[in-house]
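Below is one structure, written out as structure tokens, with a few remarks after it.
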Amino acid sequence: MNKTLFYIILASTFTLGACAGNTPAPETKTAAATAETSAAEPKQAAAPKRSKRICKRMAPTGSRLGKKVCGTQEQWDRAARDSAEALRGVTRKSAQGGYEE
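Residue numbers for the sequence shown, in mature numbering (1 follows the signal peptide of the UniProt record, and there is no 0): -20 to -1, 1 to 81.
Right, here's the structure in full:
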């Protein structure tokens, strides 16, 4: 039961995390501001820093075959934090006698 709940929360975290991603609004700069920042900043390569992907094997309930799930360290940390928070919420509600239907 606990493993099943963990996998459900983990899967929903990745799914909802992709939907709730922040897309920054495009910045508008004047020509003078662009010239100032170009002169002030040294020339650097435009290579974005990429996070290393970490892959883990998840064994779904009722199957002997594992599923490979990959993500960055930030994604794994966020998934662990979100699942721990969800578990705390479930535990807190059940201790208070919540879950009225």
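Glycine included, each C-beta is placed from N, C-alpha and C at the ideal position. Fair warning: this is a prediction, and the values are worked out from it, not measured in the lab.
Check                                                                                                          : Outcome
Of the listed residues LYS32, ALA75, LEU67, ASP57, nearest to THR(-17) (C-alpha basis)                         : LEU67
ARG58 - containing alpha helix (DSSP H), residue span                                                          : 53 to 75
LYS48 - DSSP class collapsed to helix/strand/coil                                                              : strand
Outcome for THR(-8) when other beta-carbon atoms lying within 10 angstroms are tallied against a minimum of 16 : buried
Of the listed residues LYS47, ILE(-12), ILE(-13), nearest to LYS36 (C-alpha basis)                             : LYS47
ARG58 versus ALA39: straight-line alpha-carbon distance, rounded                                               : 20 Å
Selection from SER74, VAL49, ARG72 that minimises the alpha carbon distance to LEU(-11)                        : VAL49
Which of helix, strand or coil DSSP assigns to LYS(-18)                                                        : helix
Proximity below 7 Å, CB of SER31 to CB of THR52                                                                : yes
Per DSSP, cross-strand counterpart(s) of LYS32                                                                 : DSSP output for LYS32 lists no bridge partner at all.
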